[in-house]
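No gaps in the numbering here: position 199 of the sequence shown is 199 in UniProt numbering, and each next residue is one more. Idealized CB from N, CA, C, for every residue including glycine. Structure, as structure tokens:
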Amino acid sequence: MSTLLALDTATEACSVALLHNGKVTSHYEVIPRLHAQKLLPMIKQLLEDAGTTLAAVDAIAFGRGPGAFTGVRIAIGVVQGLAFALERPVLPVSNLAVLAQRALREHGAQQVAAAIDARMDEVYWGCYRATAGEMRLVGVEAVQPPESSALPLDASGDWFGAGTGWGYGERIAVSVAGQDAAMLPHAEDLLTLARFAFERGEAIPADQAAPVYLRDKVAQTKAERGII
1 MSTLLALDTA TEACSVALLH NGKVTSHYEV IPRLHAQKLL PMIKQLLEDA GTTLAAVDAI
61 AFGRGPGAFT GVRIAIGVVQ GLAFALERPV LPVSNLAVLA QRALREHGAQ QVAAAIDARM
121 DEVYWGCYRA TAGEMRLVGV EAVQPPESSA LPLDASGDWF GAGTGWGYGE RIAVSVAGQD
181 AAMLPHAEDL LTLARFAFER GEAIPADQAA PVYLRDKVAQ TKAERGII
């Protein structure tokens, strides 16, 4: 049976999860700006608690974004360092998909509109449906003003709003049956998605690990901010 390690630092939450001998263990903390200091100790503790070592890991999954630029880079840096040393492949997973998977696990939501606050008055947005326990993207992920967010054209039934982007809920013209605007990605759900991907043979070499920011530029120009 495969041993998979998953980690995520793309938002205010820092979390790690491990599948070993068929058992899942995880650790999750909301620790803004402390990810770089906390991530490796969290991994070490998780492995010790499971009675195993990094050498037993078959692949490492990580939140590849969208999310905070610094946070996504921290995850990729750590994953590549570990994967190169171990000569193991990696599994990039969308943080919007991780949110949707958490909404499925915690709320039983079968259709999820996942949104992460992208700052600059925008949200990262993606819509997902559950298929055999896996949240799968419907359409494309995007970064856009809250007002531009919409469900898929073929949408029907109940949808659940998950993620900090729903802090702009009054500006999102989408009707949802329920929502959790405080929800952040959790490595346990990242691990679930990674298991599906690993079983499909979607692991890639560590040097191909890349962030997905969705936004081409990270800051507005002075002109765009009205500064001369």
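Exercise. Can you name the residues that DSSP bridges to Thr164?
Worked result: Start at 1 with the first residue of the sequence shown, and residue 164 comes out as number 164. Answer by DSSP bridge pairing: none, since Thr164 is not bridged.
Problem set entry | Those residues which DSSP pairs with Tyr124 across a bridge | Working through the sequence shown from its first residue, we reach residue 124 at position 124. Its beta-bridge partners are Ile116, Val143.
Exercise. Closest by CA to Gln101, which one among Phe84, Gly63, Arg73, Pro89?
Worked result: As a working mapping, residue 101 is identified with position 101 in the sequence shown. If we check each option's Cα against that of Gln101, Gly63 comes out closest.
For this session: Enumerate in chain order the residues of its own chain whose CB-to-CB distance from Gly178 is below 6 Å, with the five nearest sequence positions on each side excluded.
Result: Looking up residue 178 in the sequence shown gives position 178. Phe160.
Exercise. Nearest-angstrom Cα distance between Leu193 and Glu147?
Worked result: On the sequence shown, position 193 is the one that residue 193 refers to. On the sequence shown, position 147 is the one that residue 147 refers to. Cα to Cα, the separation comes out at about 29 Å.
Exercise. Span of the alpha helix (DSSP H) holding Glu48?
Worked result: What you label residue 48 is simply residue 48 of the sequence shown in a count that begins at 1. Run containing Glu48: 35-50, per the alpha helix (DSSP H) assignment.
Exercise. According to the neighbour-count rule (16 or more other Cβ atoms, all chains shown, within 10 Å of its Cβ), is Glu29 buried or exposed?
Worked result: Counting from one through the sequence shown, the residue named residue 29 turns up at place 29. Under this definition Glu29 is an exposed residue.
Problem set entry | Rounded C-alpha distance that separates Glu202 from Pro92 | Counted from its first residue, the sequence shown places residue 202 at position 202. Counted from its first residue, the sequence shown places residue 92 at position 92. Cα to Cα, Glu202 sits roughly 9 Å from Pro92.
Exercise. Three or more beta-carbon pairs under 8 Å between the segment 65-76 and the segment 199-214, yes or no?
Worked result: Contact between the segment 65-76 and the segment 199-214 is established, with three or more Cβ pairs separated by less than 8 Å.
Problem set entry | Alpha carbon of residue 229 to alpha carbon of Ala197, nearest angstrom | The question about residue 229 has no answer, for the chain in this structure spans 1 to 228.
Exercise. Using a Cβ-Cβ cut-off of 8 Å (strictly less than) and excluding sequence neighbours within five positions of Thr164, which residues of its own chain qualify?
Worked result: Taking the first residue of the sequence shown as position 1, residue 164 is located at position 164. Taken in chain order, the residues that qualify are Thr11, Ala115, Ile116, Asp117, Ala181, Ala182, Met183, Leu184.
Exercise. Which value, in whole angstroms, describes the spacing of the CA atoms of Pro145 and Ile204?
Worked result: Start at 1 with the first residue of the sequence shown, and residue 145 comes out as number 145. Start at 1 with the first residue of the sequence shown, and residue 204 comes out as number 204. About 33 Å.
For this session: Please state if the CB of Ala83 and the CB of Phe187 are separated by a distance shorter than 8 Å.
Result: As a working note, residue 187 is residue 187 in the sequence shown. As a working note, residue 83 is residue 83 in the sequence shown. According to the sequence as given, residue 187 is Ala; it is not Phe. No, the pair does not count as a contact, with Cβ atoms beyond the cut-off.
For this session: Say yes only if the C-beta of Asp58 is nearer than 7 Å to one or more non-hydrogen atoms of the ligand NAP, and no if none qualify.
Result: Ligands in the displayed structure: none, and consequently the ligand NAP is not present.
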